[in-house]
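Here is the structure we will look at, set down as structure tokens.
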Amino acid sequence: MAINFDTALGIEPKALAFREKRGEILAANLANADTPNYKARDMDFKSVLKQSIASGVAIERTHAGHIAPQQQVLGANVMYRNPSQASLDGNTVETHVEQAKYAENAVQYQASLQFINNKFSGLMAALRGQ
Amino acid sequence: MASSSIFDIAGSGMNAQSLRLNLVASNISNANSVGSNETDVYKSRQPVFAAELQNVMNKQNATSKVNVLGVVESPAPPVMEFSPNHPMANKDGFIFKSNVNTVEEMANMMSASRSYQNNVEVLNTAKQMMLQTLKMGQ
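These protein sequence lines are chains A and B, in that order. This note's numbering applies: residue 1 is where the first sequence begins, and numbers increase by one. This note's numbering applies: residue 131 is where the second sequence begins, and numbers increase by one.
Listed below in structure tokens is the structure:
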């Protein structure tokens, strides 16, 4: 029986890719905290998970006039954030919210990484057989 | 590697904020400059930020860096002061002081330095994440 990394590591590499992409989006939100008319964006883990479990299901566009679905990253929509206090210049970035989300995302990234590392050390123990 | 674009994004943010800090420094240091007519006097300068549009429109890429469109001069009128003994006074005895609002500039400076720090923190966290990823499986 060969060891297959895809089955051995499970969902973790995908979770890591999602965290990386989300970190990028949140970094863009923070960098554009003072840009007029910039709309903060984010991704939802639940919808990405749902998409990756039931992948291959997409809206078919049978006519050129059909509106394309929203921006998709890793098969999930990138959504605009609902600001709790919108600012007059049309910017919807709330720095404290974005900071909290970024920190949360970094911790979750490290958690996914830790899970992968633990799986690797489990595989190593199995290979050594000691 | 996708994480390296976090460095690009945070870098563009720092770039924009440091330009803003530079303009604040220029405005504050010229706050007391004087001219003998309305056009000669120093005018407050402000940066114009915009998200990079082509990245926003691109369906594959949801992130966008900060773009500095340019620097604009404040259209507010300069402060006129009657001071006939001033060497720069015009024939009616008026001097024109720059339209820099020092209080506004101080608030601007605090906002810019905080935003800069935010971007530095983002960069540090991304760097830590990448270093840990490099150690994966060891």
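Ideal Cβ placement from N, Cα and C applies to all residues, glycine included.
- Counted as a single uninterrupted DSSP element, the alpha helix (DSSP H) harbouring Glu234(B) occupies residues 232-264.
- Here the alpha carbons of Phe179(B) and Gly200(B) stand approximately 8 Å from one another.
- If you draw a straight line from the Cα of Glu203(B) to the Cα of Lys50(A), it comes to about 51 Å.
- Comparing alpha-carbon positions, the option among Asn167(B), Val230(B), Asn157(B), Ala237(B) lying closest to Asp222(B) turns out to be Asn167(B).
- In its chain, beyond the 5 residues on either side, Phe137, Ala140 have a beta carbon closer than 7 Å to the beta carbon of Leu253(B).
- When rounded, the separation of the alpha-carbon atoms in Leu26(A) and Met236(B) is 28 Å.
- Close CB contacts of Ile116(A) within its chain, under the 8 Å cut and outside five residues either way in sequence, are with Leu9, Glu12, Pro13, Leu16 (chain order).
- Looking at the DSSP output, Arg175(B) bridges to Glu203(B).
- The C-alpha of Ala40(A) lies about 15 Å from the C-alpha of Lys21(A).
- In the structure shown, the three-state DSSP call for Met144(B) is helix.
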